[in-house]
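Heads up, the thing below is written out as structure tokens.
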Amino acid sequence: MPLSAYLTLAAVLFAVGFFGVVTRRNTVGILLGIELMLNAVNINLVAFARYNADIVGMLFTSFTIPITVAEVALGLAIVILMFRMKRTAVADHLDILKG
Amino acid sequence: MTDPALPALIALLLPAGAFVILAVVAPLRRSGRPAAYLSVLFAAGALAAALASLRVASASGGFSSWLWAWIPTEAGPLTSVGVLADGDSALMLVLVALVSFLVQVYSLGYLSDEPAPSLGRYYTYQSLFAFSMMGLVLAPNFVQLFINWELVGLCSYLLIGYWYPRPEAARAAVKAFWITKAGDVGFLIGIVLLWRQAGTFDFLELLSLTESGLMPLAGLGVITFCIYLGASGKSAQFPFHIWLPDAMEGPTPVSALIHAATMVTAGVYLLTRTVWLFRLTPDVMQIIAWNGAFTALLAAVLACVQTDIKRVLAYSTVSQLGYMMAAIGAGFASAGFLHLLTHGIFKALLFLGAGAVIHAVGTNDIFQMGGLGRKMPQTTIVFVVGTLSLAGIPFFGGFFSKEEILGATLAGGFPGPFAMLLVGAFLTAFYMFRVVFITFAGAPAGAHGHEHHPHDAPFSMALPLWILAVLSLGAGILFAFWHPKAEFETLGWLTPTAVLVALAGIALAYLVYQRRVISAESLARAFTPIRVAALRRFWLDDLFAFVYRGLMLTLSRLVGWIDRYLVDGVLNVLSAWTLMAGDRLRHLQSGRAQDYVYGIALGVLLLMLWTRWPR
Amino acid sequence: MTLDVVAFWGLAVVVIGSALAVVLTKNLFHSVLWLALSLTGTAGIFLSLDAEFLAAVQLLLYAGGVITIVVFAIVVTERLVGDRLTQVSRRLLTGVILAGALLVALLRFLRGAELPVEQPVIAVDVTRVLGQVLMTEFVLPFELLAVLLLVGLLGALYFARPED
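Protein chains in written order, with my numbering: chain P, 1 to 99; chain B, 100 to 714; chain W, 715 to 878.
As structure tokens, then:
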């Protein structure tokens with residue numbers, strides 16, 4: 001398979017994830033979209049690493065995956081905290097930044 | 100000393116110093132009488148300096164100028180400031196200083212009832228005026244002259260409107276300012292055009308240009324006409340004369356100073372100063388002569404129907420200014436200038452005398468006076484001396500100069516103006532003696548004012564009166580035996596004719612108002628149309644008001660509309676759009692992170708497009 | 715039609731299809747499950763790229779850890795809120811347009827670039843090399859990662875503490 005195939009796959013996945021981020025009303029749903037986008041990035045990195053015979057891409061990925069995990073954990077912690085405060089999961093209602 | 104410029108400069112700076120001190124040191128100014136004494140003292144000093152300058156100037160016969168360069172430009176200084184002292188300017192300087200000093204002394208008595216701060220304000224203005232007028236007289240170039248011209252106009256406004264709580268006074272001050280301003284615009288245009296033509300503002304340089312024949316003639320007529328416009332604004336020539344009668348709302352000493360002897364003569368003085376320029380444009384000279392004679396006659400007619408003593412004198416001033424202008428237009432500026440000097444003396448005398456009468460009786464209306472000859476003998480004597488001078492009776496001040504003017508108009512080839520001036524002389528004698536007979540002779544009439552007991556003026560007012568009377572009479576006697584050589588051939592029949600005409604006027608006034616042989620009513624009926632028109636001031640004021648109201652107010656309303664709806668409208672529309680845009684854009688800041696992601700994505704897209712557009 | 719190609723396309727379908735399901739399903743819990751499938755498919759992609767170690771990491775951490783966390787979070791919030799969490803998506807059209815634009819832009823970028831077509835032959839063991847590099851050249855980021863995870867753990871604990 002040419003490299004472009006993998007990159008295309010990653011691009012499509014990224015777009016789908018992005019669509020999820022901007023359309024979902026539930027905060028957790030938004031986080032799921034973010035997951036997809038990060039996933040796409042990982043695919044990109046690994047594909048480049050393989051086709052350029054450079055290990056650094058995979059190294060990068062092995063860092064991003066744990067970081068993503070940490071980020072998800074923290075994000076959900078925040079979501080739970082928001083729930084406690086506002087009693088809602090709907091992202092539309094989380095508009096404290098409004099200005 | 101041989102340099103007349105130094106004392107001239109001192110004479111100029113003394114009243115300036117008085118003004119600055121009074122303007123800056125407010126407590127002194129508000130104290131009233133001390134401020135007055137300061138101003139009078141400085142005015143006396145200025146008079147002494149002016150006399151010294153005259154003595155030197157007439158002895159040396161030359162001129163001298165002290166100049167300091169001003170407004171530096173790349174091509175050298177644009178103009179200069181300083182003094183140009185020669186025979187004419189020294190004479191004028193003395194006149195200004197003398198009348199200024201006498202009027203200030205007189206005002207000590209006339210305005211003795213004024214509250215102290217107002218009195219201080221009055222003397223501040225008086226000093227400023229003295230400085231401005233002297234600066235005008237001594238100006239070496241058009242720029243300084245114009246600046247002082249405007250300053251003089253400002254002082255006129257301030258002093259006419261001295262009693263500004265009175266609406267008539269305020270209106271009169273504004274009217275004077277407006278109308279002279281109209282002339283001044285023409286004057287400024289003329290100055291600028293002249294500079295474009297000749298490249299300089301300086302009088303001496305312009306004079307040498309003219310004499311050496313290097314003055315370009317193209318468009319010079321326009322220039323001189325524009326300058327004449329300025330002169331006729333200040334010197335109340337038709338149709339700009341309408342501000343002078345209304346200016347009588349100011350205190351009488353102000354009228355004596357500004358509207359008899361000095362400011363109104365500035366126009367005449369200007370033309371005298373620059374007559375060599377006007378000689379190059381004979382057409383404009385013709386206009387000056389005819390308009391001058393017409394003004395003289397018109398004002399004389401108007402003076403015949405006035406009942407306010409000051410108004411009579413105001414129209415008389417307009418008339419005499421017309422005489423001066425006629426002489427200049429005829430080509431003999433020295434005759435006009437001589438009359439300026441003599442007129443300055445006796446008109447100031449008449450005004451101050453009228454002031455004494457008003458101060459004593461409490462009214463300006465001559466028909467409420469009467470029989471004052473017995474109650475105020477001194478005032479009567481000096482007033483009659485002034486009247487005889489004005490009427491042009493031999494051995495009195497105005498005789499010789501008026502005759503010179505009549506001769507000049509004839510010699511210059513203006514028979515029409517000559518005739519008008521002759522009729523004017525008849526009327527002058529008539530209306531002045533009308534006033535004399537009604538006011539001083541006859542039986543006391545009307546209310547003499549409840550608390551007023553007519554009596555002669557106090558010393559501070561009487562002294563200037565006597566000085567002026569002596570000067571007027573003295574000049575008359577002097578000229579009878581020695582007079583400056585005329586520039587033209589005096590015709591033999593001129594002098595007797597002039598005297599006869601004056602005597603005829605006096606006789607008519609005597610018959611009508613003293614002996615009541617001819618009734619005033621029948622005289623009035625005989626001249627009804629003219630009389631009615633004269634009472635309406637020939638509708639000139641109404642014309643001006645109409646033009647002003649119609650033209651200017653319409654214009655200003657139009658401009659106002661444009662300003663409100665177009666200029667402001669554009670701004671208002673823009674601001675409304677901005678508010679609307681802000682309102683809509685506010686929704687961008689929804690506070691929802693999801694929406695911000697939109698923004699980020701859009702931005703990234705745009706960046707991608709931008710960097711890779713020509714793919 | 716080699717195995718390579720078939721495998722790639724199959725995995726691609728799985729990944730994209732389940733990703734679409736993630737973003738389109740109304741039920742949040744179902745979304746999470748579809749995400750699990752997508753992540754597993756990604757692990758398969760890694761395998762086809764000879765990144766066995768990463769495939770294992772993906773399965774362990776992502777498909778295992780992240781999914782677990784998210785499930786727990788959903789259960790907890792459902793309890794808090796009190797009703798079943800469903801969601802209706804909003805602004806579908808603009809989302810589609812924007813995502814589509816993004817995709818198009820990305821693809822155009824790709825088209826312009828010179829990309830290798832063949833997978834180069836690798837002689838070494840990827841995992842071994844990865845391990846070596848991780849412990850020598852990139853040991854500093856590795857340690858920092860550990861610190862980061864610790865901090866994240868503490869933060870999560872703090873946030874999720876019971877109200878007193």
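Glycine is no exception: its CB is placed at the ideal position from the N, C-alpha and C atoms.
These numbers were taken from a predicted model, which means no experiment stands behind them.
Close beta carbons around residue i, own chain, < 7 Å, minus the five adjacent residues each side
i	result
isoleucine 387(B)	Tyr327, Met424, Ile427, Gly428
methionine 191(B)	Val236, Tyr368
valine 204(B)	Val139, Ser559, Leu562, Pro563
isoleucine 507(B)	The sequence as given places alanine at residue 507(B); isoleucine does not occur at that position. Result list for alanine 507(B): Ala426, Ala429, Phe431, Ala434, Phe587, in chain order.
leucine 526(B)	Ala399, Val400, Cys403, Gly604
phenylalanine 722(W)	Ser762
phenylalanine 450(B)	Thr351, Ser354, Ala355, Ala359, Leu412
leucine 150(B)	Val193
leucine 146(B)	Ala196, Leu197, Phe200
phenylalanine 377(B)	Thr323, Leu370, Val383, Met384
alanine 104(B)	Ser163, Ser164, Trp165, Val182, Ala184
methionine 362(B)	Met232, Val251, Ser255, Lys333
Residues that DSSP places opposite residue i in a beta bridge
i	result
aspartate 464(B)	Asp407(B)
serine 179(B)	Ala168(B)
serine 163(B)	Ala184(B)
aspartate 301(B)	Asn240(B)
Contacting residues, own chain, Cβ-Cβ under 6 Å from residue i (five flanking each side not counted)
i	result
tryptophan 695(W)	The question about residue 695(W) has no answer, for chain W in this structure spans 715 to 878.
leucine 509(B)	Phe517
glycine 391(B)	Gly421, Met424, Ala425, Gly428
glutamine 243(B)	Val180
glycine 869(W)	none
leucine 153(B)	Ala189, Val193
proline 557(B)	Gly208
leucine 257(B)	Tyr224
arginine 533(B)	Ala608, Tyr612
tryptophan 342(B)	Lys274, Ala275, Ile278
Buried or exposed by the 16-neighbour rule on C-beta atoms within 10 Å, applied to residue i
i	result
alanine 174(B)	exposed
alanine 40(P)	buried
arginine 410(B)	buried
tryptophan 581(B)	exposed
asparagine 104(P)	No information on residue 104(P) is available, as it lies outside the stretch 1 to 99 that chain P covers here.
leucine 806(W)	exposed
serine 255(B)	buried
threonine 716(W)	exposed
arginine 266(B)	First, the residue type needs correcting, since residue 266(B) is proline and not arginine in the sequence shown. Looking at its Cβ environment, which holds fewer than 16 other Cβ atoms inside 10 Å, proline 266(B) is exposed.
asparagine 247(B)	buried
leucine 708(B)	exposed
leucine 31(P)	buried
serine 62(P)	buried
tyrosine 261(B)	buried
tryptophan 638(B)	exposed
Beta-carbon proximity list for residue i, same chain, < 8 Å, skipping 5 on both sides
i	result
aspartate 797(W)	Caution applies to aspartate 797(W), whose pLDDT of 48 falls short of 50 and renders its modelled position unreliable; the model cannot decide the point.
glycine 548(B)	With a pLDDT of 49 at glycine 548(B), under the threshold of 50, the modelled position of that residue is not reliable, and no figure is offered here.
lysine 446(B)	Ala355, Ala359, Ala360, Leu412, Ser415, Thr416, Gln419, Gly485, Leu489
aspartate 641(B)	Arg635
proline 315(B)	Gln296, Ala297
leucine 127(B)	Ile120, Leu121, Pro133, Ala134, Leu137, Gly219
phenylalanine 286(B)	Phe245, Trp248, Cys325, Ile326, Leu328, Gly329, Ala330, Gly332
phenylalanine 18(P)	Gly33, Met37
tryptophan 294(B)	Phe241, Phe300
Inset, instruction - Could I get the ranges of all uninterrupted alpha helix (DSSP H) runs contained in the segment 574 to 631 of chain B, with 4 residues as the minimum, in chain order? - result: 593 to 608, 619 to 625
Inset, instruction - Select from the segment 715 to 736 of chain W all residues with a C-beta closer than 8 Å to any C-beta belonging to chain P, and list them in chain order. - result: Asp718, Val719, Phe722, Ala726, Val729, Ile730, Ala733, Leu734, Val736
Inset, instruction - Could you name the residues of the segment 689 to 703 of chain B whose beta carbon sits closer than 9 Å to any beta carbon of chain P, in the order they occur along the chain? - result: Ser689, Gly690, Arg691, Ala692, Gln693, Asp694, Tyr695, Val696, Tyr697, Ala700
Inset, instruction - Quick one: which residues of the segment 15 to 45 of chain P get their C-beta closer than 7 Å to a C-beta of chain B? List them in chain order. - result: Phe18, Val21, Val22, Ile30
Legend entry - In chain order, each alpha helix (DSSP H) run of at least 4 residues that lies wholly inside the segment 400 to 456 of chain B: 408 to 429
Inset, instruction - Output, in sequence order along the chain, the residues in the segment 809 to 832 of chain W whose CB is closer than 7 Å to any CB in chain B. - result: Leu812, Ala815, Leu816, Ala819, Arg822, Phe823, Gly826
Legend entry - Residue ranges of each alpha helix (DSSP H) within the segment 793 to 858 of chain W, 4 or longer: 806 to 826, 840 to 849
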